[in-house]
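Everything on this sheet refers to the single structure shown next.
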Amino acid sequence: DSHVNYVKQLVELINLQGYRTIVFNNRGLGGAPLQTPRTFCPPYCNDVELIVNHIKKRFQNAPLAAIGVSLGGIILLNYLAKDQAAKPIIAAYVSSIGWDIGKSMDSLEQPVNQLLYNRHCTRRLQKMFKKNEDYLLSVKDQYSFNLDKVYSANSMRQIDQYYKLPVFGYTNIDEYHVAGSPAGKLSNLTTPVLCINAADDPFSPPDAIPVDKCNGSAPLALVVTKYGGHIGFMEGAFPFGPTFSDKLAVQFINSVFKYQHEL
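Next up, the structure:
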């Protein structure tokens, strides 16, 4: 969502380096109303592919690098690992992603995480559905989703069950989780990727982070910090301004463009 502070802060920092930035808003976010029942979910990367191809068509001589944070990073990695075909993106940076969606949901449903994170994220999703209720009611019979159950859901897993499975065509929650989990697709990566996760991130428990996959078989580098939380990585006694992850992203992007011909 281009309106959230961590996105605006990162865009400002990258612009200061002299680069042009484009923020991709998932459907239903960024102030835009839904025009299809398909919102956004980890396995669905067609919109990212469309946007990347459109940008490359308009700016054919400009090298493209991509950054994805949290769900955006999951979708970006799933796009890059969709198949082994070359992508227009020369390198990518992802932060605070959930590598195994099933394990992420299990972690978020633990009592403290349920109270602090899962319930909040669920309510935000419900507000988006409520905002687009008139449109969704007009198409609900075509897709067999139940808005009443969506509004009564107490977790993101339940919203997936009641809405995203029927809309995106998955038969059960396990199939959906496997399809959306980047950890099982890293062998398809051909684009260099730098990832950062915190070991105390409730959205991505340590046993889900694929440290064992960083063995040189995939163009993947993984940084795991002891602390940092989810989209945190704040530094210093007065943790305002760019975060550790923001600074790392900028250093990475600078290096990518400087040494792009060696990638």
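Position one of the sequence shown corresponds to residue 67 (this note's numbering), numbered consecutively onward. We put the beta carbon where it would ideally sit given N, CA and C, even for glycine.
In the structure shown, G138 falls within a helical segment according to DSSP collapsed to helix, strand and coil.
Counting along the chain, A245 sits inside no beta strand (DSSP E); it lies in the alpha helix (DSSP H) bounded by residues 239–246. Under the three-state reduction of DSSP output, I262 falls in the strand class.
Boundaries of the alpha helix (DSSP H) harbouring L174: 167–174, taken from the DSSP string. Considered as a whole, the segment 152–233 harbours 167–174, 185–197, 199–209, 213–218, 222–225 as its complete alpha helix (DSSP H) runs of no fewer than 4 residues, in chain order. Within its own chain, the residues whose Cβ lies closer than 8 angstroms to the Cβ of T291, once the five positions on either side in sequence are excluded, are I262, N263, A264, A265, F299, F310, listed in chain order. According to the DSSP secondary-structure assignment, T291 is paired through a beta bridge with A264. Between R93 and T105, the C-beta gap is smaller than 7 angstroms, which places the two residues in contact.
Rounded to the nearest whole angstrom, the C-alpha separation of L100 and I133 is 24 angstroms. Per DSSP, reduced to three states, the secondary structure at A147 is coil, with no helix or strand assignment.
Rounded to whole angstroms, the separation of the alpha carbons of P177 and N184 is 10 angstroms. Contact holds between the segment 78–98 and the segment 109–122, because three or more Cβ pairs, one in each stretch, are under 8 angstroms apart. For the pair Q326 and I156, the CB atoms are nearer than the 7 angstroms cut-off. Exposure of S253 is indicated by the presence of fewer than 16 other C-beta atoms within 10 angstroms of its C-beta.
In its chain, beyond the 5 residues on either side, Y217 have a beta carbon closer than 8 angstroms to the beta carbon of K196. Counting C-beta pairs with one atom in each stretch, the segment 203–221 and the segment 157–164 have fewer than three that are closer than 8 angstroms, which means they do not touch. L203 counts as exposed, since fewer than 16 other beta carbons sit within 10 angstroms of its beta carbon. When the five nearest sequence neighbours on each side are left out, the beta carbons in the same chain lying within less than 7 angstroms of the beta carbon of C107 are those of K230, F234, G246, in order along the chain. Between the beta-carbon of L142 and that of L255 there is about 11 angstroms, and that puts the pair past the 8 angstroms contact cut.
Within the same chain, I141, L142, N144, Y145, K148 come within 8 angstroms of C111 by CB-CB distance, once the 5 residues on both sides are set aside. Within the same chain, and ignoring the five residues on either side of A284 in sequence, the residues whose Cβ sits closer than 7 angstroms to its Cβ are L252, S253, L255.
The beta carbon of M194 is closer than 6 angstroms to those of G94 in its chain, skipping five residues each way along the sequence. Short of 7 angstroms from the beta carbon of D67, and not among the five residues preceding or following it, lie these beta carbons of its own chain, in chain order: V73, N91, L95, G96. Going by beta carbons, N212 and Y228 fall inside the 7 angstroms limit. In the three-state DSSP reduction, I133 falls in the strand class (E or B). Cα atoms of L329 and D172: separation of roughly 37 angstroms, rounded to the nearest angstrom.
Per DSSP, E328 lies in no alpha helix (DSSP H) and is assigned neither H nor E.
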